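Colleague: This is the structure, below, for whatever I ask next.
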Amino acid sequence: MERHPASASSRQELGRLLEAVLTSRGQANAVFDILAVLQSEEPEEIEEGVRTCSRLFGTLLEREELFVGSLPSEDTALAGSQGATYKYKVWIRHRYHSCCNRLEELLAHPTFQVKELALKTLMKFVQLEGAKPLEKPQWESHYLFPRTLFRAVVGGLLTPEDDHSLLISHFCEYLEYDDIRYHTMQVATSIMARATSQQPEVSLTLWNNAFTLLSAVSLPLQECELTNFYVKHAQTSDKWKVVHLKEHKKAFQEMWLGFLKHKLPLSLYKKVLVAMHDSILPHLAQPTLMIDFLTSACDVGGAISLLALNGLFILIHKHNLEYPDFYQKLYGLLDPSIFHVKYRARFFHLADLFLSSSHLPAYLVAAFAKRLARLALTAPPEALLMVLPLICNLLRRHPACRVMVHRPQGPELDADPYDPTEKDPARSRALESCLWELQTLQQHYHPEVSKAASVINQVLSVPEVSIAPLLELTAYEIFEQDLKKKMPESVPLEFIPAKGLLGRQDDLCTQFFCLS
-9 MERHPASASS RQELGRLLEA VLTSRGQANA VFDILAVLQS EEPEEIEEGV
41 RTCSRLFGTL LEREELFVGS LPSEDTALAG SQGATYKYKV WIRHRYHSCC
91 NRLEELLAHP TFQVKELALK TLMKFVQLEG AKPLEKPQWE SHYLFPRTLF
141 RAVVGGLLTP EDDHSLLISH FCEYLEYDDI RYHTMQVATS IMARATSQQP
191 EVSLTLWNNA FTLLSAVSLP LQECELTNFY VKHAQTSDKW KVVHLKEHKK
241 AFQEMWLGFL KHKLPLSLYK KVLVAMHDSI LPHLAQPTLM IDFLTSACDV
291 GGAISLLALN GLFILIHKHN LEYPDFYQKL YGLLDPSIFH VKYRARFFHL
341 ADLFLSSSHL PAYLVAAFAK RLARLALTAP PEALLMVLPL ICNLLRRHPA
391 CRVMVHRPQG PELDADPYDP TEKDPARSRA LESCLWELQT LQQHYHPEVS
441 KAASVINQVL SVPEVSIAPL LELTAYEIFE QDLKKKMPES VPLEFIPAKG
491 LLGRQDDLCT QFFCLS
């Protein structure tokens, strides 16, 4: 991009000021001129000012020319009797703080390039300040990290005013470092707690920013020593919490529990539940602490309940959690609308998984098979091609349920004993019923559906039919498949050619009827 001449001259002037400050302490007041550029209204000038500040204070940090320790007030230091070097270091550190404060403000600048550059500069200062700490260690091997500066960075991302999702995605590049990830979790937990304590109604923007950041945090699945640090140390100590995965899991757990204890908008509930089973539960120190959140979500109904079932199933299956109403909740979600919801494929994938155990009681499996068969009567073809194989798979897994297809010594039924209004599958009397719905669907207008329903007329094969390729089948795909079918080149015809409308001359029709 071609720059405006004023920008080029401004860049040259900033370069001259930078060289003057770094060359001679007598020119230190030029720092004010450099910082003044950060207040410009022109984005290009601000960017040049940020780059200059990055080089200036980056060099000063490396030279250790900033005051180290508890920073006294500027007026007190300058009026004291200490030497010129002491006063200079205190003064330049105050200028450094002014720069960092302005960079934090620039994280909310309307121009993204300015925000991105401010973020990178602040993270550069985090790294340099960590390598050359501005505070004195309290004891030998004491772990030092620029928490105050880093808190300002994360706080600039988690604001209630601006959507920072794009900027957070750039910040997530730093989360691959173990120390940045650990302190991000701690700081995010603190910021969310403070935001909710200050005002009862928190803006949706803050929650969206928080979720974007939290969902980007991922921990190693296997126990290992964490030494990939952004802030370099001459040596690490086993006493540091930041090197232990157990401590990371605790911080991860506190972060998510602190987020989920608040009243979240419905859209965020769905996003959290979608990520729960593979991005949240495996990394928690105590996954069972999620039971209250998941059971509450399961009671909401609709898509929320549907999405909560996966997390509940993991807690039941892997962590021995007792939740007797699980299959009753799943059974209650089976209604005609399930074929038209956004998460249809996910639901039936999970339903197939939940019903895969051969240890489930026959009455329970029969209730699900019967409910699915009843719903199939009004389901669209693309859903039927998925549901019918699922019903047959249930019969394959549980031979005791095959009496619903063939009951040789069963009584004659005047009416179907199955009660579709019963919420408890144990009381639905499904096992006393039969799958007459499948025989009805054998007369379906779509030949593939009729073929799928006719499978029960034969002995069911031992291997199950995978429904995975059918989960996301759409009406459009079925239509396209029909269009691509190749018709036979020769159409079969009657082997005795017709001679006239009523057949051959010796036919009875010809003798008794005449068309004229």
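-9 is the number of the first residue of the sequence shown in the numbering used here; add one for each residue after it.
Every residue gets a Cβ at the ideal spot worked out from N, C-alpha and C, and that includes glycine.
Bear in mind that the values here come from a model prediction, so they are computed numbers and not experimental data.
(1) Excluding five sequence neighbours on each side, which residues of the same chain lie with their C-beta closer than 8 angstroms to the C-beta of Pro255?
(2) Have a look at Tyr133 and Trp230 and give me their C-alpha separation to the nearest angstrom.
(3) Could you tell me which residues DSSP pairs with Glu166 in its beta bridges?
(4) On the three-state DSSP scale, how would you describe Ala(-4)?
(5) Hey, how far is the Cα of Arg(-7) from the Cα of Lys239?
(6) Sort Arg417, Ala335, Arg53 and Leu156 by Cα distance to Arg361 and report the nearest one.
(7) Give every residue of the same chain whose Cβ lies closer than 7 angstroms to the Cβ of Tyr321, excluding the five residues on either side of it in the sequence, and list them in chain order.
(8) Please report the distance separating the alpha-carbon of Leu507 from that of Leu279.
(9) Rounding to the nearest angstrom, what Cα-Cα distance links Glu151 and Leu112 in this structure?
(10) Using a Cβ-Cβ cutoff of less than 6 angstroms, which residues in the same chain neighbour Arg1 once the five nearest sequence positions on both sides are dropped?
(11) Alpha carbon to alpha carbon, how far is Glu64 from Tyr86?
(12) May I have a chain-ordered list of the alpha helix (DSSP H) segments no shorter than 4 residues that lie completely inside the region 311 to 389?
(13) What does the Cβ neighbour count give for His309, buried or exposed, with the cut at 16 atoms within 10 Å?
(14) Could you have a look at His84 and say whether DSSP puts it in helix, strand or coil?
(15) Distance check for Ser180 and Ile170, CA to CA, integer angstroms please.
(16) Measure the Cβ-Cβ separation of Ile36 and Val143 and say whether it is below 9 angstroms.
(17) Taking C-beta to C-beta, are Leu365 and Leu428 nearer than 9 angstroms?
(18) Taking His434 as the reference, which of Arg41, Pro277 and Ala369 has the closest Cα?
(19) If I measure Cβ to Cβ from Ser423 and keep anything under 7 angstroms in the same chain, skipping five residues before and after, which residues do I get?
(20) Out of curiosity, what's the CA-to-CA distance linking Ser(-1) and Val116?
(21) Mind reading off the beta-carbon distance from Leu384 to Arg392? Whole number of angstroms is fine, and I expect it under 8 angstroms.
(22) Have a look at the DSSP bridge pairing and note the partners of His234.
(23) Leaving out the 5 sequence neighbours to the left and right, which residues in its chain are closer than 8 angstroms to Leu380 when beta-carbon positions are compared?
(24) Answer with buried or exposed for Asn19, where buried requires no fewer than 16 other C-beta atoms within 10 angstroms of its C-beta.
(25) Nearest by alpha-carbon distance to His27: which of Glu9, Gly248, Glu3 and Gln17 is it?
(26) Is the beta carbon of Ala178 less than 9 angstroms from the beta carbon of Leu148?
(27) State the CB to CB distance for the pair Ala335 and Glu462, rounded to an integer number of angstroms; the pair is presumed to be in contact (CB under 8 angstroms).
(28) With a threshold of 16 other CB atoms inside 10 Å of the CB of Leu367, please say whether the residue is buried or exposed.
(29) Would you identify the three-state DSSP class for Ala405, choosing helix, strand or coil?
(30) Span of the alpha helix (DSSP H) holding Arg137?
(31) Nearest by alpha-carbon distance to Lys251: which of Thr66, His234, Ser187 and Val207 is it?
(32) Short of 6 angstroms in beta carbon distance, which residues of its chain neighbour Glu454, apart from the five on each side in sequence? Order them along the chain.
(33) Going by beta carbon distance, what residues of the same chain come within less than 7 angstroms of Ile270, once the five residues before and after it are set aside?
(34) Please report the distance separating the alpha-carbon of Arg397 from that of Thr411.
(35) Assign Lys79 to one of two classes, buried (16 or more other C-beta atoms within 10 Å of its C-beta) or exposed (fewer than that).
(36) Tell me where the alpha helix (DSSP H) around Ala298 begins and ends.
Modeller: So, from the listed chains and residues:
(1) Leu194 and Trp197
(2) 7 angstroms
(3) DSSP lists no partner for Glu166.
(4) In this prediction, Ala(-4) scores a pLDDT of 47, lower than 50, which makes its location untrustworthy; no coordinate-derived value is stated.
(5) Because the pLDDT at Arg(-7) is just 44, under 50, the model does not fix this residue reliably, and the value given afterwards should be weighed accordingly. Rounded to whole angstroms, Arg(-7) to Lys239 spans 49 angstroms at the Cα level.
(6) Arg417
(7) Ala357, Phe358, Arg361 and Pro415
(8) Residue 507 falls outside the range modelled here, since the chain spans only -9 to 506, and no answer is possible.
(9) 21 angstroms
(10) Glu38
(11) 12 angstroms
(12) 316 to 322, 334 to 344, 352 to 366 and 371 to 387
(13) exposed
(14) helix
(15) 15 angstroms
(16) no
(17) no
(18) Ala369
(19) Lys360, Met394, Asp406, Pro407 and Tyr408
(20) 31 angstroms
(21) Not a contact, Cβ separation roughly 10 angstroms.
(22) Glu215
(23) Phe338, Ala341, Asp342, Leu362 and Ile457
(24) exposed
(25) In the sequence as displayed, the identity of residue 27 is Val instead of His. The shortest C-alpha separation from Val27 is found at Glu3.
(26) yes
(27) 5 angstroms
(28) exposed
(29) coil
(30) Arg137 to Leu147
(31) Ser187
(32) Asn383 and Arg386
(33) Trp246
(34) 25 angstroms
(35) buried
(36) Gly292 to His309
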